[in-house]
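Chemist: The structure that follows is given in the form of structure tokens.
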Amino acid sequence: MRVARTYSIVDGAPITSGDLLRNNQDRPMPHDPTTWIATELAELDAQGLRRTLCERQLGQGAVIRVDGHELVNFGSNDYLGLASHQCHAAVCTAIDSVGWGAGASPLVVGRGSEHAALERELADFEGTEAALLFSSGYAANVGAIAALAGRSDAVFSDAKNHASIIDGARLSKAATVVYRHNDLEDLERVLCENRGAGRVLVVTESVFSMDGDLAPLADISKACRLHGAWLMVDEAHGAGVFGKRGAGLVQELGLEGEVQVHMGTLGKAVGSAGGYLAADRRWIDLLLNSARSFIYSTAPPPAQAAASLRGLEIIASQRGATLRDRLWRNINNFGELSSQEPVSAIVSVMVGQNEPAVQAAEALLQAGFLAPAIRFPTVPRGTARLRITLSAAHETGQIEELHRELRKLAIVN
Ligand SMILES: *Cc1c(COP(=O)(O)O)cnc(C)c1O
């Protein structure tokens with residue numbers, strides 16, 4: 336019988352199943368998993384960094400039930416309240432015609448009419464020639480960055496960029512240069528120092544996911560043009576919130592022509608699931624040939640694409656504009672109550688240490704509000720905070736009550 340050849344991860348030499356057997360007999364397991372896992376978890380406990388899962392039993396939108404408690408939800412990224420939108424018809428039509436699963440990766444036979452229609456709508460939404468659908472925003476970032484930059488290239492990444500951008504840069508094997516958060520001078524400096532590198536890709540979020548502040552996109556795009564760098568913007572928290580048709584901060588600032596790769600998620604304001612890249616046709620042609628998280632992953636269910644399309648249509652319509660107005664009324668209302676200048680739907684209430692942040696979130700839970708404590712490694716050590724996200728679905732009274740509870744805890748004005 337022929338033995339299939341596999342390759343050792345360490346040195347690339349072929350190994351056979353015989354080698355594997357011998358190795359198992361020769362070497363005892365280097366670590367006792369039980370002890371190791373217990374030690375790791377105890378360490379997380381000691382630092383106040385252990386995460387546990389909760390279970391949402393009811394609802395999307397302003398009021399949900401979690402682990403048996405009814406809570407006003409200030410923890411989701413469903414900025415327009417669309418996660419519970421009426422997309423039954425779109426979903427049922429897709430299921431009736433093609434069933435649930437996509438069955439294969441998009442390049443094989445997984446891409447159906449629903450995916451194609453969504454990609455056309457995404458391109459229209461972003462004002463680009465084409466778009467490419469991924470199974471998540473995480474997959475879109477990882478796939479795009481690793482496809483566009485290689486060993487002899489450089490990726491310039493804001494210090495507060497999302498984990499999926501960091502992971503994409505790591506996978507790319509490009510030299511990754513982290514510039515100080517929203518610091519244009521630092522970006523200019525590192526771009527100058529790296530003159531002579533191969534391709535140069537600058538990646539930033541438009542609205543930063545944990546602080547809610549905005550990237551100076553007009554200046555960043557100018558710097559990119561000056562230094563011949565490509566610009567990729569992650570609009571995960573900008574789409575639905577900014578822009579006259581809700582495409583995001585790039586649209587709000589009229590910078591569509593300055594951004595080579597637009598990235599977004601369908602899991603936040605669109606109220607569905609999935610991720611996307613939008614760009615000129617030839618960029619998308621290249622990406623669909625090289626983004627591994629696109630190529631080697633089953634296409635999302637067609638009905639998911641249909642629901643996403645419905646969410647996008649709503650965002651770009653008059654109803655979307657009305658929901659954005661309502662969202663901004665809520666954002667400004669919370670800003671006035673807490674005497675903070677609001678810039679996005681994300682409000683970061685800084686606490687500092689892990690334990691007090693977790694205790695504050697726990698006290699809010701007891702009072703009927705969900706506002707998650709965010710800790711290292713999601714944010715830097717010593718900057719644990721409550722991350723409050725506002726939505727068009729919130730009532731004025733709910734926002735006022737949340738503010739009252741936060742004042743009781745003495746963590747806002
Ligand atoms: C949530 C998020 C992503 C990932 O999107 P998913 O669709 O949830 O995988 C990427 N970038 C940023 C900034 C995010 O906040």
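Just so you know, we're using the numbering used here here: the sequence shown kicks off at 336 and counts up by one. Note that CB positions come from ideal geometry on N, CA and C, so glycine has one too. Model, not experiment: these values are computed from the prediction.
Measure the C-alpha to C-alpha separation of Phe-543 and Ala-482 and round it to an integer number of angstroms.
Modeler: So the alpha carbons of these two residues sit roughly 23 Å apart.
Chemist: Quick check on Gln-392: does DSSP put it in helix, strand or coil?
Modeler: Of the three classes helix, strand and coil, the one that applies to Gln-392 here is strand, per DSSP.
Chemist: If you follow the beta strand (DSSP E) that Gly-687 is part of, which residue opens it and which one closes it?
Modeler: 681-687 is the extent of the beta strand (DSSP E) around Gly-687.
Chemist: Within 7 Å of any Cβ in chain D, is that where the Cβ of Ala-656 sits?
Modeler: Considering every chain present, this structure includes no chain D. It has just one protein chain.
Chemist: Quick check on the DSSP output: what are the complete alpha helix (DSSP H) runs of length 4 or more inside the region 648-706, in order along the chain?
Modeler: Runs of the alpha helix (DSSP H) inside the region 648-706: 653-672 and 689-701.
Chemist: Which of helix, strand or coil does DSSP assign to Ser-607?
Modeler: If DSSP states are grouped into helix, strand and coil, Ser-607 belongs with coil.
Chemist: Below 6 Å, is the gap between the Cβ of Gly-602 and the nearest heavy atom of ligand 1?
Modeler: Result yes, Cβ under 6 Å from ligand 1.
Chemist: Should the region 450-457 be called in touch with the region 641-654, which here means at least 3 C-beta pairs below 8 Å?
Modeler: Yes, the region 450-457 touches the region 641-654.
Chemist: Once you ignore the five residues that flank Glu-740 on each side, which residues in its own chain have a CB closer than 7 Å to its CB?
Modeler: Only Leu-699, Ala-702 and Phe-704 meet the Cβ criterion.
Chemist: Do you know how far the Cα of Gln-395 is from the Cα of Arg-560?
Modeler: For Arg-560 and Gln-395, the distance between alpha carbons rounds to 42 Å.
Chemist: Quick one: does the C-beta of Tyr-473 sit closer than 6 Å to a heavy atom of ligand 1?
Modeler: Correct: Tyr-473 has its Cβ closer than 6 Å to ligand 1.
Chemist: DSSP has Met-545 in a bridge; who is on the other side?
Modeler: Answer by DSSP bridge pairing: none, since Met-545 is not bridged.
Chemist: I need the straight-line Cα distance from Phe-469 to Asn-665, nearest angstrom please.
Modeler: Rounded to the nearest angstrom, the two C-alpha atoms are 32 Å apart.
Chemist: Going by other Cβ atoms of all chains shown within 10 Å of its Cβ, with 16 needed for buried, is Ile-372 buried or exposed?
Modeler: So Ile-372 counts as exposed.
Chemist: Which two residues bound the contiguous alpha helix (DSSP H) that contains Leu-483?
Modeler: Here the alpha helix (DSSP H) through Leu-483 covers 472-483.
Chemist: Is the distance from the Cβ of Phe-577 to the Cβ of Leu-566 below 7 Å?
Modeler: No, Cβ-Cβ distance for Phe-577 and Leu-566 is not below 7 Å.
Chemist: Between Ser-471 and Gly-610, how many whole angstroms is the CB-CB distance? I'm expecting something under 8 Å.
Modeler: Confirmed, about 5 Å.
Chemist: Would you tell me roughly how many angstroms separate the C-alpha atoms of Val-433 and Leu-601, rounded to the nearest one?
Modeler: Distance between the alpha carbons of Val-433 and Leu-601: 21 Å.
Chemist: So, with DSSP's three-state summary, where would you put Val-444?
Modeler: DSSP places Val-444 in helix when its eight states are reduced to three.
Chemist: For Cys-422, which residues from the same chain have a beta carbon less than 6 Å from its beta carbon, with the 5 sequence-adjacent residues on both sides left out?
Modeler: Cβ within range, chain order: Ala-642 and Arg-645.
Chemist: Given a threshold of 16 other Cβ atoms within 10 Å of its Cβ, counted over all protein chains shown, does Leu-356 qualify as buried or as exposed?
Modeler: Because the pLDDT of Leu-356 is 48, which lies under 50, any placement of that residue in the model is unreliable, and the number read from its coordinates should be weighed accordingly. So Leu-356 ends up on the exposed side.
Chemist: For the pair the region 729-737 and the region 675-687, tell me if three or more CB-CB distances fall below 8 Å.
Modeler: Judged by Cβ distances under 8 Å, the region 729-737 makes no contact with the region 675-687, as fewer than three pairs qualify.
Chemist: Does the Cβ-Cβ distance between His-497 and Ala-640 come in under 7 Å?
Modeler: No, Cβ-Cβ distance for His-497 and Ala-640 is not below 7 Å.
Chemist: Exposed or buried, what is Gly-592 when buried is set at 16 or more other beta-carbons lying within 10 Å of its beta-carbon?
Modeler: That one is exposed.
Chemist: Just to check, is the beta-carbon of Glu-540 closer than 6 Å to a non-hydrogen atom of ligand 1?
Modeler: Flag set: Cβ of Glu-540 near ligand 1.
Chemist: I think Thr-713 touches Met-545, with their Cβ atoms under 8 Å apart; what is that distance to the nearest whole Å?
Modeler: Sure, about 6 Å apart at Cβ, within 8 Å.
Chemist: Who are the near neighbours of Tyr-473 in its chain, counting only those whose CB is closer than 6 Å to its CB and skipping five residues on each side?
Modeler: Closer than 6 Å at the Cβ level, and outside the excluded window around Tyr-473, lie Ser-499.
Chemist: Spatial neighbours of Val-594 within its chain, please: CB distance less than 6 Å, with the 5 preceding and 5 following residues excluded, ordered by chain position.
Modeler: The residues are Leu-566, Val-568 and Val-585.
Chemist: Our contact map puts Val-678 next to Gly-547 with C-beta atoms below 8 Å; I'd like the distance itself, whole angstroms only.
Modeler: With a Cβ gap of about 6 Å, Val-678 and Gly-547 count as contacting.
Chemist: Specify the secondary structure class of Arg-400 as computed by DSSP and reduced to three states.
Modeler: Residue state, collapsed to three classes: strand.
Chemist: Going by CA-CA distance only, name the one from Val-426, Val-747 and Gly-462 that's closest to Glu-587.
Modeler: When only C-alpha atoms are compared, the closest one is Gly-462.
Chemist: First and last residue of the alpha helix (DSSP H) that includes Leu-588?
Modeler: Careful: Leu-588 lies outside any alpha helix (DSSP H) and carries neither H nor E.
Chemist: Going by beta-carbon coordinates alone, are Tyr-414 and Ser-726 separated by less than 7 Å?
Modeler: Result yes, Cβ atoms of Tyr-414 and Ser-726 sit closer than 7 Å.
Chemist: Taking the straight line between their C-alpha atoms, what separation do you get for Pro-368 and Arg-722?
Modeler: Using only the alpha carbons, I get a separation of about 35 Å.
Chemist: Looking at the secondary structure, which residues open and close the beta strand (DSSP E) in which Thr-539 lies?
Modeler: Element bounds for Thr-539: 535-540.
Chemist: Rounded to the nearest angstrom, what separates Leu-393 and Ala-696 at their Cα positions?
Modeler: Those two C-alpha atoms are separated by around 20 Å.
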